[in-house]
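Note that the sequence shown covers residues 709 to 1014 in this note's numbering.
Note that the Cβ used here is the ideal one computed from N, Cα and C, for glycine as well.
Worksheet for the structure shown next.
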Amino acid sequence: MFLGIDGGATKSTLVLIDLKGKKIFETSGKSLNYRNLDREKFIQNLNELIIKAKKKGKILFSCLSLAGIDTETDKKRVINIIEKSRVNKILKSNFIVKNDIEVLLPTANIEDGAAIIAGTGSNFFAKNKNKIARAGGLDYILSDEGSAFDIGQKVLRASVRSKDGRGEKTILEKMVLKKVGIKNIRDLVNLIYGENLKQKVGEFAPLAEIALKKKDKVAKKILLSSIDELENGIITVTRKVKLKGEFKICLVGSVFKNKYILNKLEIKLKKRFKNAKIIIIKNPAIGAAKLAKKEFEKLSKAKFQS
């Protein structure tokens, strides 16, 4: 069996495929964004997920596709952490680590194309033959534009500004109070700051779509800003690798559950890239499992030839 993990900032998915590439098992677990977790918590969450797969049979090779793996240094650090942990008793060092956006094209069975992740965080990627381009994907202080965190933060700020009188009045103010069960907007400070800040902020993102349906102008501005950021990110990476003509743009993440964002972004992208096809990726863990299978076959071939 080959194991693939899509490890996000909020939740993770594990998939097992057989020798023919058919999915035979799927399960879910907790966050695997190592930037937002201490070492022990990261290993604990990973171990809980992989133990479920171990019961299904022998794992030949694994691909761990994780949010927060933004540099080669990150990759080496995480590999080192895993190899020295109890998890490696199962994986036996037969694994590779990828950034979560690197598995999207394999998931869609395409070699060249572009991809957007817009979940709790955001990330942009494009590949054309030997050229690869990335943008964003450096967590919530340095990037994450257009993400659930970005939208959620703007929702929270708009609600505070509305209450203070520093900004335009918005129904988001009352919606935020109702969501967390408080009466004073200033009490938000005790609920937001602390552990899991990024995830907690991202949970307020859906309020923008609800407020938009009630004709709230502030919510509309927030969502339009997110759409602009997502469009800008994909334009940037496709330009860098000179993607032209017919190609596919893969979208994945909770932000695309927002029909307003998805529909408006699709219109913009189709206008900009007339021959591009938009694909919604539902399970990136399958792409990770496919990469595990491909890597195993490559290593086996090299071993046979040597």
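Quiz item: Which whole-angstrom value describes the C-beta separation of residue 751 and residue 801, a residue pair presumed to lie in contact below a C-beta threshold of 8 Å?
Solution: Reading the sequence shown from its first residue, position 43 is the one you call residue 751. Reading the sequence shown from its first residue, position 93 is the one you call residue 801. Contact flag wrong, Cβ pair sits at about 15 Å.
Quiz item: Closest by CA to residue 936, which one among 891, 957, 855, 736?
Solution: By one-based count along the sequence shown, residue 936 stands at place 228. Answer by Cα proximity: 855.
Practice problem: Using DSSP bridges, identify the partner residues of residue 944. | Solution: Looking up residue 944 in the sequence shown gives position 236. BP columns for residue 944 are empty, so no partner.
Quiz item: Within this structure, are the beta carbons of residue 870 and residue 851 separated by less than 8 Å?
Solution: Taking the sequence shown and counting its residues from 1, one reaches residue 870 at position 162. Taking the sequence shown and counting its residues from 1, one reaches residue 851 at position 143. No, they are not a contact pair.
Quiz prompt | residue 712 and residue 997 closer than 8 Å at C-beta | solution = Residue numbering aside, residue 712 sits at position 4 when the sequence shown is read from its first letter. Residue numbering aside, residue 997 sits at position 289 when the sequence shown is read from its first letter. For residue 712 and residue 997, yes; Cβs fall inside 8 Å.
Self-check item: Pairwise C-alpha distance: residue 815 and residue 991
Solution: Against the sequence shown, residue 991 aligns to sequence position 283. Against the sequence shown, residue 815 aligns to sequence position 107. Looking at the two C-alpha atoms, the distance is approximately 8 Å.
Quiz item: By DSSP, does residue 782 sit in helix, in strand, or in coil?
Solution: Within the sequence shown, residue 782 is the residue found at index 74, counting from 1. Per DSSP, reduced to three states, the secondary structure at residue 782 is helical.
Quiz item: Based on the DSSP secondary-structure assignment, which residues constitute the bridge partners of residue 774?
Solution: Here the question's residue 774 lines up with position 66 in the sequence shown. Looking at the DSSP assignment, residue 774 forms a beta bridge with 715, 807.
Quiz item: Between 865, 1005, 799, which lies nearest to residue 874 when the distance is taken from Cα to Cα?
Solution: In the sequence shown, counting from the first residue as 1, residue 874 sits at position 166. Comparing Cα-Cα distances from residue 874 to each of 865, 1005, 799, the minimum goes to 865.
Practice problem: Return the CA-CA distance between residue 983 and residue 1009, expressed in angstroms with no decimal places. | Solution: Here residue 983 refers to the residue found at position 275 when the sequence shown is read from its first residue. Here residue 1009 refers to the residue found at position 301 when the sequence shown is read from its first residue. Taking the straight line from one Cα to the other gives about 38 Å.
Quiz item: Quick one: what's got a C-beta closer than 6 Å to residue 823's C-beta in the same chain, skipping five residues either side?
Solution: Taking the first residue of the sequence shown as position 1, residue 823 is located at position 115. The beta carbon of residue 823 is closer than 6 Å to those of 809, 812, 833, 958 in its chain, skipping five residues each way along the sequence.
Quiz prompt | Proximal residues to residue 738 (C-beta, below 6 Å), its chain only, five neighbours per side dropped | solution = Against the sequence shown, residue 738 aligns to sequence position 30. Closer than 6 Å at Cβ, skipping near neighbours: 753.
Quiz prompt | Endpoints, the alpha helix (DSSP H) within which residue 755 is located | solution = Counting from one through the sequence shown, the residue named residue 755 turns up at place 47. For residue 755, the uninterrupted alpha helix (DSSP H) run begins and ends at 747–762, by DSSP.
Quiz item: Are residue 769 and residue 710 close, meaning C-beta to C-beta below 8 Å?
Solution: What you label residue 769 is simply residue 61 of the sequence shown in a count that begins at 1. What you label residue 710 is simply residue 2 of the sequence shown in a count that begins at 1. Cβ distance < 8 Å, so residue 769 and residue 710 count as in contact.
Quiz prompt | Cβ of residue 943 within 8 Å of any chain D Cβ | solution = Protein chain content of the structure displayed is limited to a single chain, and chain D is not contained in it.
Quiz item: alpha helix (DSSP H) containing residue 980: first to last residue?
Solution: Locating residue 980 in the sequence shown gives position 272, counting from the first residue. 967–980 is the extent of the alpha helix (DSSP H) around residue 980.
Quiz prompt | 6 Å Cβ shell around residue 888 - same chain, five flanking residues per side excluded | solution = Numbered from its first residue, the sequence shown carries residue 888 at position 180. Hits under 6 Å: 899.
Quiz item: Alpha carbon to alpha carbon, how far is residue 836 from residue 986?
Solution: On the sequence shown, position 128 is the one that residue 836 refers to. On the sequence shown, position 278 is the one that residue 986 refers to. Taking the CA atoms as reference points, residue 836 sits about 17 Å from residue 986.
Quiz item: What's the C-alpha gap between residue 844 and residue 743?
Solution: Residue mapping note: residue 844 aligns to position 136 of the sequence shown, counting from 1. Residue mapping note: residue 743 aligns to position 35 of the sequence shown, counting from 1. Roughly 15 Å separates the two Cα atoms.
Quiz prompt | Where residue 953 falls: helix, strand or coil (DSSP) | solution = The residue given as residue 953 occupies position 245 in the sequence shown. Three-state DSSP puts residue 953 in coil, outside helix and strand.
Quiz item: For residue 710, which residues does DSSP report across the bridge?
Solution: The sequence position of residue 710 within the sequence shown is 2, counting from 1. DSSP output for residue 710 lists 725, 769 as bridge partner(s).
Self-check item: Reference residue 885; option with closest CA among 901, 877, 868
Solution: As a working mapping, residue 885 is identified with position 177 in the sequence shown. Answer by Cα proximity: 868.
Practice problem: Give the single residue among 911, 931, 944, 791 whose Cα lies nearest to the Cα of residue 920. | Solution: Your numbering for residue 920 matches position 212 in the sequence shown. Per the Cα distances, 931.
Quiz prompt | Nearest candidate by alpha-carbon position, reference residue 780, set 913, 729, 758, 805 | solution = What you label residue 780 is simply residue 72 of the sequence shown in a count that begins at 1. Ranking 913, 729, 758, 805 by Cα distance to residue 780 puts 805 first.
Quiz item: Given that a residue counts as buried once 16 or more other Cβ atoms are within 10 Å of its Cβ, and exposed if not, what is residue 880?
Solution: The residue given as residue 880 occupies position 172 in the sequence shown. By the 16-neighbour rule on beta-carbons within 10 angstroms, residue 880 is buried.
Self-check item: Same chain only: Cβ atoms within 7 Å of residue 909, ignoring 5 sequence neighbours per side
Solution: The count along the sequence shown starts at 1 and reaches residue 909 at position 201. Around residue 909, the same chain offers 857, 860, 861, 864, 900 as residues with beta carbons nearer than 7 Å, after the five sequence neighbours per side are excluded.
Quiz prompt | CB-CB length for residue 686 against residue 774, believed under 8 Å | solution = Residue 686 falls outside the range modelled here, since the chain spans only 709 to 1014, and no answer is possible.
Quiz item: Cα-Cα, which of 981, 906, 904 is closest to residue 955?
Solution: Counting from one through the sequence shown, the residue named residue 955 turns up at place 247. Looking at the Cα atoms, 981 is the closest of the given residues.
Self-check item: Collapsed DSSP secondary structure at residue 1015 in the structure displayed
Solution: The structure shown has nothing for residue 1015, since the chain only spans 709 to 1014.
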